[in-house]
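Remarks on the structure that follows.
2 protein chains.
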Amino acid sequence: MSHHFGTIGVVGTGVIGASWTALFLARGLKVIVSDPAPGASEKLAAFLEKEWPTMEKLGLSEGASLENYKFVPSIDPYLEEIDILQENAPERLEFKRQLFAHLDANTPKETLLLSSSSGLPASKFVTDCKNNPSRILIGHPFNPPHLVPLVEVVPHPATGDAYAAKAMEFYKFLGKSPVLVKKETPGFIANRLQAALCKEAYSLVERGIISASDLDTTVTSGVGLRWALTGPFMTNTLGGGGSFKHFMDHLGPALQSWDGDMQENAFDFSSEKFESLGASVQEWMDKVDVDAVAKERDDFLLQFIEAKSKATTLK
Amino acid sequence: MSHHFGTIGVVGTGVIGASWTALFLARGLKVIVSDPAPGASEKLAAFLEKEWPTMEKLGLSEGASLENYKFVPSIDPYLEEIDILQENAPERLEFKRQLFAHLDANTPKETLLLSSSSGLPASKFVTDCKNNPSRILIGHPFNPPHLVPLVEVVPHPATGDAYAAKAMEFYKFLGKSPVLVKKETPGFIANRLQAALCKEAYSLVERGIISASDLDTTVTSGVGLRWALTGPFMTNTLGGGGSFKHFMDHLGPALQSWDGDMQENAFDFSSEKFESLGASVQEWMDKVDVDAVAKERDDFLLQFIEAKSKATTLK
């Protein structure tokens, strides 16, 4: 199974890179990994040790082993033997630009170079690549990558279709749910959708219409609960008795009138508004054990992902 | 347990009213229910029969029985003995206005009158109530009410605080997650949040940046999956390492820049755009068994709600 994708390189082992490494190992792949930060090797080993039982629970592929990775002081001597590289360096343009120029110049022409970039589009950091920039594209995971299925695959305008297809295939092989973003767009897809909802949430709480805690309940007990199973288009379609057109004919005017009111009362991102909003949120957070929430969230995320993996029509 | 809330009246047994009835019965309450539509009694009986195993699975309260309801040709002779009434009539202003004037005039002053209204705010339909409009407010469920925990409790400006508090208490007793909407606002909370995200989703698909199917996957495999567990404010706070302020300092500028691009490319709700969007969605739906999706969605919804009911810090 794994031989098709060969050896995987991981550059950068912060939160994202370490999580990718756990997933690659669980899928039976061989991984060569590097990070210049002091203590990075030990931190990675500790993370993998801690998360391995979770990977076992989600199911290990044939040949999967915690022993299948090699932490190296520099990735350079290994660039010839790597088939796919997942980059997780800091989100600084100049840094990524130099890094990709170096990787592009020193890897075989067909090596797939994938970036975990969450904000910078690839077109911005491939500008100094002279060898084969068409094999460079973004595979942006949703934190934490070893659990959450979503990966946004974002080619830049000069990425070759075959490389984008290979990236999609690779992430599917890993058990992920990759989506293809056909044109570079600021924030890609997930961050834009989140920002759209958050902006309205900020306005509603800042204007005193609902508390921050109740707003979150509105999402976790209603809107988000349903969206974990059917996305906006399927939800609209089911709401229209099986027809998106019927939904739109029926609810389009209401949507538009709410939108008008939302625009009139839009959160303006001013520091005054942020201050007032922050105070409302803090009032709630002061009463909550955030670490306990984070832990329970991860437990349930795992449980939901496991459950959903048995669904036949849901995604 | 149930005696505190007495006898419940249900007016209107369409999808929402029938679902409320199932829930009230499962909580051990006595229900008097009425709907003028031909065959309404038989349809309700069939619905309750079909859904009762689900209610058993979610757990029945002491004294719960399918026998505890009485379908009556008119609610009028029973208005004296009803303690809380949940109204589920059509969303037509004049109709609701007359209905509430009638209910207000013919019920004891303290009877709590709750409306399932999804769009019309109560201030619009209490205008002809002369007896005690302060006990009238909205308890808007999320479909289907016997499964989804969210209820939006929306007082009108003259609703008494004690009545709003009693409505919150009643829905909590039912095992729901009521949220208090402190000021009437078009679309309340959930519909506005959904509309905000949908508007951006419509734009992204209509502009050809992502397919409708992949957009839904972005939500079901990432954004929505996480929001089923932690809402926007908790998610932001966890993203800021336990501090909403830290998140905002770090990501506020990015949010604002995405927002700028979203506004420039906002979906305009024109019929041309809807046409083109509808075609993209239909292309996907033609390949999908929507009924099978709806059925599996409901199965998983039940499973997720059951699982989450065991959480200690999540809501």
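Residue numbers (the numbering used here), protein chains in the order written: chain H, 140 to 454; chain E, 140 to 454.
The beta-carbon is built from N, C-alpha and C at its ideal position, and this holds for glycine as well.
- With 16 or more neighbouring CB atoms inside 10 Å of its own CB, E190 of chain E falls in the buried class.
- Cα atoms of E195 of chain E and T359 of chain H: separation of roughly 23 Å, rounded to the nearest angstrom.
- Residue environment analysis places H389 of chain E among the exposed positions, since fewer than 16 neighbouring C-beta atoms fall within 10 angstroms of its C-beta.
- Taken through DSSP and simplified to helix, strand or coil, I223 of chain E comes out as strand.
- In this structure, DSSP gives F210 of chain E an extended state, which the three-state scheme calls strand.
- Taking 8 Å as the cut-off, the beta carbon of L224 of chain H is found no closer than this to the beta carbon of K263 of chain H.
- L332, Q333, A334, A335, L336, C337, K338, E339, A340, L343 and G347: these are the residues of the stretch 332 to 347 of chain E whose beta carbon lies less than 7 Å from some beta carbon of chain H, given in chain order.
- Within the stretch 364 to 412 of chain E, complete beta strand (DSSP E) segments of at least 3 residues are not found at all.
- Those residues of the stretch 349 to 360 of chain E placed with their C-beta closer than 9 Å to a C-beta in chain H are I349, S350, A351, S352, D353, L354, D355, T356, T357, V358, T359 and S360, ordered along the chain.
- Within the model, the alpha-carbon separation for N271 of chain E versus D243 of chain E is close to 7 Å.
- For E445 of chain E, no CB of chain H lies under 8 Å from its own CB, so it is not counted at the interface with that chain.
- Per DSSP, T146 of chain E is one residue of the beta strand (DSSP E) stretching across T146 to V150.
- When DSSP states are grouped into helix, strand and coil, E414 of chain H belongs to the helix group.
- For the set H:A304, H:V318, H:S257 and H:L183, the Cα lying nearest the Cα of K235 of chain H is the one of H:S257.
- Residue pairing of I171 of chain H in beta bridges, as defined by DSSP: H:G148 and H:K209.
- For S316 of chain H, no alpha helix (DSSP H) segment is defined; the enclosing uninterrupted segment is the beta strand (DSSP E) at S316 to L319.
- Note: I275 of chain H is bridge-paired with H:L252 in the DSSP secondary-structure output.
- Not one beta carbon of chain E lies nearer than 8 Å to the beta carbon of R166 of chain H.
- By the C-beta criterion, the stretch 379 to 387 of chain E is judged not to be in contact with the stretch 379 to 388 of chain H, since fewer than 3 inter-stretch pairs fall below 8 Å.
- Contact of Q442 of chain E with chain H is assigned, a C-beta pair being separated by under 8 Å.
- Taking C-alpha positions only, K209 of chain E is separated from N227 of chain E by approximately 17 Å.
- If you draw a straight line from the Cα of D428 of chain E to the Cα of R365 of chain H, it is about 18 Å long.
- Here Q333 of chain E is buried: its Cβ has 16 or more other Cβ atoms, across all protein chains shown, within 10 Å.
- C-alpha of K338 of chain E to C-alpha of T146 of chain E: approximately 42 Å in a straight line.
- Around the beta carbon of V290 of chain E, 16 or more other beta carbons sit within 10 angstroms, so the residue counts as buried.
- For P192 of chain E, the three-state secondary structure derived from DSSP is helix.
- Chain order gives the chain E residues near S396 of chain H as P325, where near means a beta carbon separation below 7 Å.
- The residue from E:P371, E:T357, E:K449 and E:D437 with its alpha-carbon nearest to that of D438 of chain H is E:K449.
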